[in-house]
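Here is the structure we will look at, set down as structure tokens.
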Amino acid sequence: MRKDFLIFGNPAIEQPEIDEVVDSLKSGWLGTGPKVQRFEDMFKSFKGTQYAVAVSSCTAALHLSMLALCIGPGDEVLVPTMTFAATANAVIHSGGIPVLVDCKRETMNIDLEDIKRKITRRTKAVVPVHFAGRPCEMDELTELSKKHGIKIIEDCAHAVEAEYKGRKVGTIGEMGCFSFYVTKNIVTGEGGMVITNEKSYVNQIKTLAQHGMSRDAWKRFSDEGYKHYQVVYSGYKYNMMDIQAALGIHQLPRVEKNWIRRKEIWDRYNEAFAHLPVFTPLPTESENRHSFHLYTLLLDIEKLNITRDQFLEEMTRHNIGVGVHYIALHLNSFYQKNFGYRRGDFPNAEWISDRTCSIPLSAKLTDDDVEDVIDAVTEIIKENS
Ligand SMILES: *Cc1c(COP(=O)(O)O)cnc(C)c1O
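So in the working numbering the end of the sequence shown lands on 411, straight run, no missing numbers.
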């Protein structure tokens, strides 16, 4: 058994990021400034969109996207129940109502058949989450959304490198939202990005992210001299800082290299777990590109004499960090109390919630780390089957 604890989602940070942060600290320009602008420019050329706005988190990106679509009280937004709380909470922050939708067992992505059942006159938008990095069925979703006059906001928190039939995810809906939280594929500590090709959305998002001050208010203290601004909305404090962008501008060019390393680890896991009573992730659809963000092992609990939670404890005892992505939203007390959801409402998401365990998949893992994870999983499963 390994001696030290292997942290789940350990970020791969290198010297250029460290130097760039130090440079920001020495320059005195800590807040939103030239490095944020550079990171936005780099991100929009990476994605091939007209606009990119850096913000403080993906949650902020999702919230501002809702507001740009004028989502408000009484409006319904379809959200998968198999996601992180931020996806649904952003709807609630805007005043709208998150309407939960089941996922497919195999892909863990939002189920289009269940979407059809949940659409009403009040449905304004849908938020597909490209789960674990696997692109959702965007052609079918786009067709459905056009038919019903529903807008699409893509939650790409897991999927910065993913592509759907040759198109980069985040560029297919009205807006795409990204996360640079510490465990994600690009890391700025906290941080997020909205991309779009629609100018009116960008103007709204930029203004609302900076207290509702008229655009480019951040330049008011620059060497161009003090500029007056107008507060045109009661906005939010959602801007990204230069200290964060300092990390992003060096992380982004390494995104491909890290993806290749995670794919290697992914393939090694698939091979190692093929004969155990577990379900490994479905192979990627041949026309798509998976971003390999989360390796979700599904325990075949009917063939095991431990529960998923006992498995988590055992992994921790073996010094391997693990995660759960996720206990479906409708199993959380808040959504039950406020929206009346109960266990039984979404069978596929519940099936996953009871069995899923994410194991380390950082580009930082050494080959020895990967073998330690495999040894721990294999030992625990064999002892309990
Ligand atoms: C991490 C995550 C978010 C939120 O990202 P933050 O940057 O932490 O706000 C939203 N959606 C999904 C699916 C996530 O995994």
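We put the beta carbon where it would ideally sit given N, CA and C, even for glycine.
inquiry  = Looking at ligand 1, does it come within less than 8 angstroms of S84, judged from the CB to the closest heavy atom?
reply    = The residue labelled residue 84 in the question sits at position 58 within the sequence shown. A small fix is needed here, since residue 84 is Cys in this sequence, not Ser. True, at least one ligand heavy atom lies under 8 angstroms from that Cβ.
inquiry  = Looking at the secondary structure, which residues open and close the beta strand (DSSP E) in which A78 lies?
reply    = For the purposes of this step, residue 78 is identified with residue 52 of the sequence shown, where counting begins at 1. That run of the beta strand (DSSP E) goes 77-81.
ask   = Since M201 contacts Y352 with CB under 8 angstroms, what's their CB separation in whole angstroms?
value = Within the sequence shown, the letter at position 175 stands for residue 201. Within the sequence shown, the letter at position 326 stands for residue 352. Not really, about 23 angstroms apart at Cβ, beyond 8 angstroms.
message = So A185 and V195 are supposed to be a Cβ contact under 8 angstroms. How far apart are they, rounded?
response = The residue given as residue 185 occupies position 159 in the sequence shown. The residue given as residue 195 occupies position 169 in the sequence shown. Going by Cβ atoms, the distance from A185 to V195 rounds to 5 angstroms, so yes, they are a contact pair.
message = Spatial neighbours of I269 within its chain, please: C-beta separation below 7 angstroms, excluding the five flanking residues on both sides.
response = Indexing the sequence shown from 1 puts residue 269 at position 243. Result list for I269: V47, S50, L56, in chain order.
ask   = Mapping DSSP to helix, strand and coil, what is G274?
value = Position 248 of the sequence shown holds residue 274. In the structure shown, G274 sits in a helix (DSSP, three-state: H, G or I).
query = So T85 is in the alpha helix (DSSP H); what residue range does that whole segment cover?
reply = One-based indexing of the sequence shown puts residue 85 at position 59. T85 -> alpha helix (DSSP H) spans 84-94.
request  = Compute every distance between the C-beta of K210 and the non-hydrogen atoms of ligand 1, then say whether any falls below 8 angstroms.
outcome  = Here residue 210 corresponds to residue number 184 of the sequence shown, with the count starting at 1. Under cutoff, so the answer is yes.
request  = Note the first and the last residue of the continuous alpha helix (DSSP H) segment covering I231.
outcome  = In the sequence shown, the residue the question calls residue 231 occupies position 205. That run of the alpha helix (DSSP H) goes 225-235.
key: Reduced DSSP category for V48 - H, G, I as helix; E, B as strand; rest coil   = Locating residue 48 in the sequence shown gives position 22, where the first residue counts as 1. The answer is helix: DSSP assigns V48 an H, G or I state.
key: Ordered list of beta strand (DSSP E) runs contained in the stretch 356-385, each at least 3 residues   = 382-385
key: Distance between F65 and R160 (C-alpha atoms, nearest Å)   = In the sequence shown, residue 160 corresponds to position 134, counting from 1. In the sequence shown, residue 65 corresponds to position 39, counting from 1. If you draw a straight line from the Cα of R160 to the Cα of F65, it comes to about 25 angstroms.
ask   = Between G370 and K225, what straight-line distance do the alpha-carbon atoms span, to the nearest angstrom?
value = For the purposes of this step, residue 370 is taken as residue 344 along the sequence shown, with counting starting at 1. For the purposes of this step, residue 225 is taken as residue 199 along the sequence shown, with counting starting at 1. Approximately 43 angstroms, taken between the alpha carbons.
query = How do the stretch 358-377 and the stretch 117-133 stand: do at least 3 beta-carbon pairs fall below 8 angstroms, yes or no?
reply = yes
query = Does the stretch 286-305 come close enough to the stretch 399-411 that 3 or more CB-CB pairs lie under 8 angstroms?
reply = yes
query = At a cut of 8 angstroms, does the stretch 86-96 reach the stretch 232-241 through at least three beta carbon pairs?
reply = yes
key: Buried versus exposed call for R412 [16 or more other C-beta atoms within 10 Å across all chains shown]   = Nothing about residue 412 can be reported from this structure: the residues present for the chain run from 27 to 411 only.
key: Alpha-carbon to alpha-carbon, I327 and H119   = Within the sequence shown, numbered from 1, the residue matching residue 119 stands at position 93. Within the sequence shown, numbered from 1, the residue matching residue 327 stands at position 301. So the two alpha carbons sit approximately 37 angstroms from each other.
message = Check this for me: beta carbons of N284 and N211, under 9 angstroms apart or not?
response = Counting from 1 along the sequence shown, the entry for residue 284 is found at position 258. Counting from 1 along the sequence shown, the entry for residue 211 is found at position 185. Contact: yes.
inquiry  = Does the distance between the C-beta of V90 and the nearest non-hydrogen atom of ligand 1 fall short of 8 angstroms?
reply    = Working through the sequence shown from its first residue, we reach residue 90 at position 64. It should be noted that the sequence gives Leu, not Val, for residue 90. No, ligand 1 has no heavy atom inside 8 angstroms of this Cβ.
message = Taking 8 angstroms as the cut-off, is the C-beta of E132 nearer than that to any heavy atom in ligand 1?
response = Locating residue 132 in the sequence shown gives position 106, where the first residue counts as 1. Outside the cutoff, so no.
ask   = Where do the N-terminal and C-terminal ends of the beta strand (DSSP E) with K164 fall, by residue?
value = Position 138 of the sequence shown, counted from the start, is the residue given in the question as residue 164. Note on residue identity: the sequence assigns Met, not Lys, to residue 164. Run containing M164: none in the beta strand (DSSP E); it sits in the alpha helix (DSSP H), 164-174.
Cβ neighbour criterion (16 or more within 10 Å) applied to V346 = Against the sequence shown, residue 346 aligns to sequence position 320. Here residue 346 turns out to be Ile, not Val, going by the sequence shown. I346 comes out buried.
task = Could you tell me the boundaries of the alpha helix (DSSP H) in which A402 lies?
result = For the purposes of this step, residue 402 is taken as residue 376 along the sequence shown, with counting starting at 1. Annotation: the continuous alpha helix (DSSP H) that includes A402 extends over 393-409.
task = Kindly list the residues whose CB is nearer than 6 angstroms to the CB of R315, restricted to its own chain and excluding five residues on each side of it in sequence; keep chain order.
result = Here residue 315 corresponds to residue number 289 of the sequence shown, with the count starting at 1. So the list reads A188, E189, once near-sequence residues are dropped.
ask   = In terms of residue numbering, what span does the alpha helix (DSSP H) encompassing P60 cover?
value = In the sequence shown, the residue the question calls residue 60 occupies position 34. First-last of the alpha helix (DSSP H) with P60: 60-73.
task = Starting from T322, follow the beta strand (DSSP E) in both directions and report where the run begins and ends.
result = Along the sequence shown, one-based indexing puts residue 322 at 296. From DSSP, the beta strand (DSSP E) with T322 extends over 321-325.
request  = Assign R26 to buried or exposed, taking buried as 16 or more other Cβ atoms, counted over all protein chains shown, within 10 Å of its Cβ.
outcome  = Examination of residue 26 is not possible in this model, given that the chain is present from 27 through 411 alone.
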